[in-house]
Amino acid sequence: GEDVEQSLFLSVREGDSSVINCTYTDSSSTYLYWYKQEPGAGLQLLTYIFSNMDMKQDQRLTVLLNKKDKHLSLRIADTQTGDSAIYFCAESIGKLIFGQGTTLQVKP
Amino acid sequence: SAVISQKPSRDICQRGTSLTIQCQVDSQVTMMFWYRQQPGQSLTLIATANQGSEATYESGFVIDKFPISRPNLTFSTLTVSNMSPEDSSIYLCSAGQGGTNEKLFFGSGTQLSVL
Chain X
1 GEDVEQSLFL SVREGDSSVI NCTYTDSSST YLYWYKQEPG AGLQLLTYIF SNMDMKQDQR
61 LTVLLNKKDK HLSLRIADTQ TGDSAIYFCA ESIGKLIFGQ GTTLQVKP
Chain D
1001 SAVISQKPSR DICQRGTSLT IQCQVDSQVT MMFWYRQQPG QSLTLIATAN QGSEATYESG
1061 FVIDKFPISR PNLTFSTLTV SNMSPEDSSI YLCSAGQGGT NEKLFFGSGT QLSVL
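Listed in order, the protein sequences are those of chains X and D.
Counting in the working numbering, the first sequence runs from 1 upward without gaps.
Counting in the working numbering, the second sequence runs from 1001 upward without gaps.
The structure is reproduced here in structure tokens:
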């Protein structure tokens, strides 16, 4: 089946690391994605990982993929107030299936 | 990365009317996608629009309600027909890098409110 789940809310202090988690159900996913949505804006593709990789690092962002457990995470190092947004994970199975989004609140 | 322009950015419409949303991509793409994001919800795929063929609709969405045009490789429109308050949502256009359905880039969306 097609189902992507995320926790709905995460609050961190500026300078701390944030970890946003996601689980998915379809093992045939080719790519897995993280998108960022700021208030009143569309979705910005943050990063993605191919399904045969287990880690990808891109500046402050680290994506970890545990294919056995169908678990994806996004770690944001040194979280800033500008990182406050909704983060969506998505799996690609011929079309993109999105999670419900995690609202990240960064407190100064 | 593709740049996707969408208009209008927002509109307030009366029940029973129709609204056409335009989406322009700055490069030629084979596939374009229309999504709906209801208030506080995730994104749901409405349909896939390929140039030169009829759009492919997802379960729960029909052509009479959401007619789509795809006249060329850089442009598409989505019409929300006979609107009701339940159609109040953000509608987003997207296209894939290299014309695929991977690594989708999104327009900034159309915020639609139906009174």
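The beta carbon of each residue, even a glycine, is placed where N, CA and C say it ideally should be.
Contact residues within the region 27 to 61 of chain X, judged by C-beta distance below 9 Å to chain D: 30, 31, 33, 35, 37, 40, 41, 42, 43, 44, 45 and 48
Interface residues of the region 1059 to 1075 of chain D facing chain X [CB-CB below 7 Å]: Those residues of the region 1059 to 1075 of chain D that come within reach of chain X (Cβ to Cβ, closer than 7 Å) do not exist; the list is empty.
Closest Cα partner of residue 1114 of chain D within the set D/1095, D/1082 and D/1050: D/1082
Test: residue 1016 of chain D CB closer than 9 Å to a CB of chain X: no
Beta strand (DSSP E) segment containing residue 1069 of chain D, residue limits: 1068 to 1072
Residue ranges of each beta strand (DSSP E) within the region 1040 to 1099 of chain D, 3 or longer: 1043 to 1050, 1068 to 1072, 1075 to 1080 and 1089 to 1096
Cα-Cα separation between residue 106 of chain X and residue 1013 of chain D, rounded to whole angstroms: Whole-angstrom Cα-Cα distance: 36 Å.
Classification of residue 83 of chain X by the beta-carbon crowding that lies within 10 angstroms, buried from 16 upward: Under this definition residue 83 of chain X is a buried residue.
Beta-carbon proximity check, residue 1006 of chain D vs residue 1108 of chain D, cutoff 9 Å: yes
Distance between beta carbons of residue 1068 of chain D and residue 1049 of chain D, contact taken as under 8 Å: 5 Å
Residue 1011 of chain D - DSSP class collapsed to helix/strand/coil: strand
Nearest to residue 1040 of chain D (by Cα), restricted to the options X/100, X/108 and X/92: Restricting attention to X/100, X/108 and X/92, the CA atom closest to the CA of residue 1040 of chain D is found in X/100.
Distance, residue 65 of chain X Cα to residue 53 of chain X Cα: 7 Å
Residue from X/59, X/41 and X/11 whose Cα sits closest to the Cα of residue 47 of chain X: When only C-alpha atoms are compared, the closest one is X/59.
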